[in-house]
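Written below as structure tokens is the structure these notes are about.
Protein chains: 2
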Amino acid sequence: MSKGRDVPALVAGARAGDARSVARLISMVEDGDPRLREVAAALAPSAGTAQIVGLTGSPGVGKSTTTNELVRALRVAGHRVGVLAVDPSSPFTGGAILGDRIRMQEHTTDPGVYIRSMSSRGQLGGLAAATPQAVRVLEGAGCDIVLIETVGVGQAEVEIASLADTTLVLLAPGMGDAIQAVKAGILEIADVFVVNKADRPGADATYRDIQGMLGLGERGPGDWRPQVVRATAVKNEGIDDVLAAIAKHRAWLDESGRLRAAHEHRAAVEVEAIALGTLRARMGNLRDGTGLSALAARVADGTTDPYSAAEALLAELGL
Amino acid sequence: MSKGRDVPALVAGARAGDARSVARLISMVEDGDPRLREVAAALAPSAGTAQIVGLTGSPGVGKSTTTNELVRALRVAGHRVGVLAVDPSSPFTGGAILGDRIRMQEHTTDPGVYIRSMSSRGQLGGLAAATPQAVRVLEGAGCDIVLIETVGVGQAEVEIASLADTTLVLLAPGMGDAIQAVKAGILEIADVFVVNKADRPGADATYRDIQGMLGLGERGPGDWRPQVVRATAVKNEGIDDVLAAIAKHRAWLDESGRLRAAHEHRAAVEVEAIALGTLRARMGNLRDGTGLSALAARVADGTTDPYSAAEALLAELGL
Chain B
1 MSKGRDVPAL VAGARAGDAR SVARLISMVE DGDPRLREVA AALAPSAGTA
51 QIVGLTGSPG VGKSTTTNEL VRALRVAGHR VGVLAVDPSS PFTGGAILGD
101 RIRMQEHTTD PGVYIRSMSS RGQLGGLAAA TPQAVRVLEG AGCDIVLIET
151 VGVGQAEVEI ASLADTTLVL LAPGMGDAIQ AVKAGILEIA DVFVVNKADR
201 PGADATYRDI QGMLGLGERG PGDWRPQVVR ATAVKNEGID DVLAAIAKHR
251 AWLDESGRLR AAHEHRAAVE VEAIALGTLR ARMGNLRDGT GLSALAARVA
301 DGTTDPYSAA EALLAELGL
Chain X
1 MSKGRDVPAL VAGARAGDAR SVARLISMVE DGDPRLREVA AALAPSAGTA
51 QIVGLTGSPG VGKSTTTNEL VRALRVAGHR VGVLAVDPSS PFTGGAILGD
101 RIRMQEHTTD PGVYIRSMSS RGQLGGLAAA TPQAVRVLEG AGCDIVLIET
151 VGVGQAEVEI ASLADTTLVL LAPGMGDAIQ AVKAGILEIA DVFVVNKADR
201 PGADATYRDI QGMLGLGERG PGDWRPQVVR ATAVKNEGID DVLAAIAKHR
251 AWLDESGRLR AAHEHRAAVE VEAIALGTLR ARMGNLRDGT GLSALAARVA
301 DGTTDPYSAA EALLAELGL
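Sequence lines, in order, name chains B and X.
At position 66 of the first sequence the residue is numbered 66 (this note's numbering), and the sequence of numbers has no breaks.
At position 160 of the second sequence the residue is numbered 160 (this note's numbering), and the sequence of numbers has no breaks.
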């Protein structure tokens, strides 16, 4: 609900840096508000004005602390910063966990920072569609850097990483060895590795493992070589090195012409997610009717197979 | 490729317990082979004959070791066992990591166990569609229990957990505190918590934290109360307790009538995933044409918004 304020007023408010307008627009994104297309149309011209930095890693590696310190340093450097903390793994609770956001409250009185925990309560296409919409709101509000922090490393994180211009993967010593990192598929998505908790035993081994695995990867002469940076975010150590790596990647994106390609890829993912979400909603509506549940019952008792049932479902939708 | 053998012969082979036939059928599932609908039709009558046990947890908690010990104990108890190790987080490599499967080789000469690492190379609908198809193959081969092991805890794991009759979540001391567990959304999906590495410091605290959080949840009188079990899989300790918890949950599913509901839910997810995959494939084919990429370029340069582009995309598909 926009509580009486219409979309043009909210968008104008966001443009002027009004935090409440930004918050309301992101709520509309989360809720899948029908006026979203109007919002998106109004925000289209500011598309691509921020560097989108994804930040991911297993629970416990220190993502929130690192994000907090990055925000502090980016503010000192004069950036306007947006933070989206995305929790793709909890479709049940209808809301992201806010507990560890509390320590970010030091930034909540700073008008140059927007912080938001996101869930995908009603958005068609889930977080894959909702996250870029929220980024659009933050770009509209003048943020030149947007941090997207995700919980864990899974397919949803990989999808969200594919929306980022620059992806940071956090590791910590003792959180599992290099094989586990490969298992989680993170080698392929990382532009920058941050070995956090670098003051702990095993940090050097983790650093070496990652460097070793990067040495095995095949890269062409113009390709980006992922950076590996040591940090101890809780002591505010190494944060400048992380920022330098982010800036270096941004410079490479500009010089190599990959930034435009990244933006087009992100737009394609976004458009496809919205389109699939629309189709999924049409099917979902059938769940309460006789269509899908009747077909599912027949699959469950073995009188039909799932492919035939899917065909029947699509036929029922006229697809 | 079935190398000259036709589908009826492969299905008959799988029914007779021929491991090569099982392996070929699962390869067909992974590859999205067009003959899958024929396979699915042949396997439909054996639907729902196995208890599907999902097993998930962060990298490093000891999932592979626990799976291995569970298989050993289930074999001793006379079960025919299927194991699917699913890696949803690595869409890039085109294959699940096999490294830690090596230690399972002790079971590879046992004709009562089928072990398979799965990826979703070409399957419409990804692993959400492929995994239940592979389960169907294993049910057809006479497995009465199928373990699905996933890497990490993310949305894909939650989706796969929704396919399981019984979901085990592994935790280990020192892998992050209770808040992290809540963040990862695992409280909602677990039927059984296994506190693995129970011989390590902090295991009691992890056990108490989980018990405490379970106490906060709301449950009706007929609802299942998740079990919490301690184990040290690497020493083969506590495995019988894990099996007892799995059996107890199975008994509850039977008595409460939830098993049929779980099977229908699984079928609905499966049918929907196949149907969405079909639609996604139709869109994906546009990626190489002018449709999606031309629209994405316009979104990237801000001359249109993603909702209008999605509408145009669907119109182009006649949807």
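Every residue gets a Cβ at the ideal spot worked out from N, C-alpha and C, and that includes glycine.
Item	Value
Cβ-based neighbour list, X:G57, same chain, cut-off 7 angstroms, excluding 5 preceding and 5 following	K63, V153, V169, L170 and L171
Spatial neighbours of X:T166 in its chain, beta-carbon cut-off 8 angstroms, leaving aside the 5 residues before and after	Q51, I52, V53, G54, D191, V192, I246, H249, R250 and L253
Cβ pair X:T66, X:A233 closer than 8 angstroms	yes
Within chain X, the residues that B:Y320 reaches when beta carbons sit closer than 8 angstroms	Summary: the structure shown does not reach residue 320 of chain B, with chain B confined to residues 1 through 319, and so no result is reported for it.
Selection from X:P111, X:K197, X:L10 and X:D240 that minimises the alpha carbon distance to X:G60	X:K197
Amino acids of chain X, ordered along the chain, whose beta-carbon sits closer than 7 angstroms to that of B:R280	L276
C-alpha distance - X:F92 paired with B:R219, whole-angstrom precision	Note that X:F92 has pLDDT 35, beneath the 50 cutoff, so the model's placement of it is unreliable and no number is given.
Backbone secondary structure at X:R20 - three-state DSSP	helix
Below-8 angstroms beta-carbon distance, X:S27 vs any chain D residue	Within the model displayed, chain D is absent; protein chains B and X are what it includes.
X:L216, buried or exposed, once every other Cβ within 10 Å from all chains shown has been counted against 16	exposed
Nearest candidate by alpha-carbon position, reference X:E316, set X:D305, X:A297 and X:M283	X:M283
8 angstroms CB neighbourhood of B:R20 in its chain, flanking five on each side removed	G13
Classification of X:Q211 by the beta-carbon crowding that lies within 10 angstroms, buried from 16 upward	exposed
For B:V194 and B:R116, the rounded distance between their alpha carbons	23 angstroms
Contact under 8 angstroms by Cβ, X:V39 with X:M28	yes
C-beta neighbour in chain B for X:P173, strict 8 angstroms	no
Under 8 angstroms between C-beta atoms of X:L319 and B:L279	yes
Identified DSSP bridge partners for X:E139	Looking at the DSSP assignment, X:E139 forms no beta bridge with any residue, so it has no partner.
Contact between the region 265-280 of chain X and the region 303-311 of chain B (3+ Cβ pairs under 8 angstroms)	yes
Nearest-angstrom Cα separation, counted from X:T131 out to X:G95	Summary for X:G95: the model assigns pLDDT 33, below 50, so the residue's position carries little reliability; its value from the coordinates is reported in the next sentence. Rounded to whole angstroms, X:G95 to X:T131 spans 14 angstroms at the Cα level.
Cβ distance (whole Å) where X:G112 is taken to contact X:R80 below 8 angstroms	5 angstroms
Neighbour list for X:E270 in chain B, Cβ cutoff strictly below 9 angstroms	A296, V299, P306, A309 and A310
Nearest residue (CA-CA) to B:D301, options X:R15, X:A261 and X:A296	X:A261
Identified DSSP bridge partners for X:R230	X:V195
Partner residues on chain B for X:R149, Cβ-Cβ distance less than 9 angstroms	Note that residue 149 of chain X is Glu in the sequence shown, not Arg. By Cβ distance, chain B contributes nothing, its closest Cβ being about 11 angstroms from X:E149, past 9 angstroms.
First through last residue of the alpha helix (DSSP H) which encompasses B:T67	K63 to V76
X:G215 - DSSP class collapsed to helix/strand/coil	helix
Neighbour flag for X:H249 against chain B, beta carbons, 8 angstroms	no
Contacts that B:G32 makes with chain X (C-beta to C-beta distance below 9 angstroms)	By Cβ distance, chain X contributes nothing, its closest Cβ being about 11 angstroms from B:G32, past 9 angstroms.
Residue range of the unbroken alpha helix (DSSP H) whose run includes B:I239	I239 to S256
Own chain residues within Cβ distance below 8 angstroms of B:V146, not counting five before or after	A50, Q51, I52, V53, V81, G82, V83, L84, V135, L138 and E139
Test item: CB-CB of X:A281 and B:V271 under 8 angstroms	no
For B:R35 and X:P34, the rounded distance between their alpha carbons	41 angstroms
Simplified DSSP assignment, three categories, for X:G82	strand
X:E38, DSSP secondary structure in three states	helix
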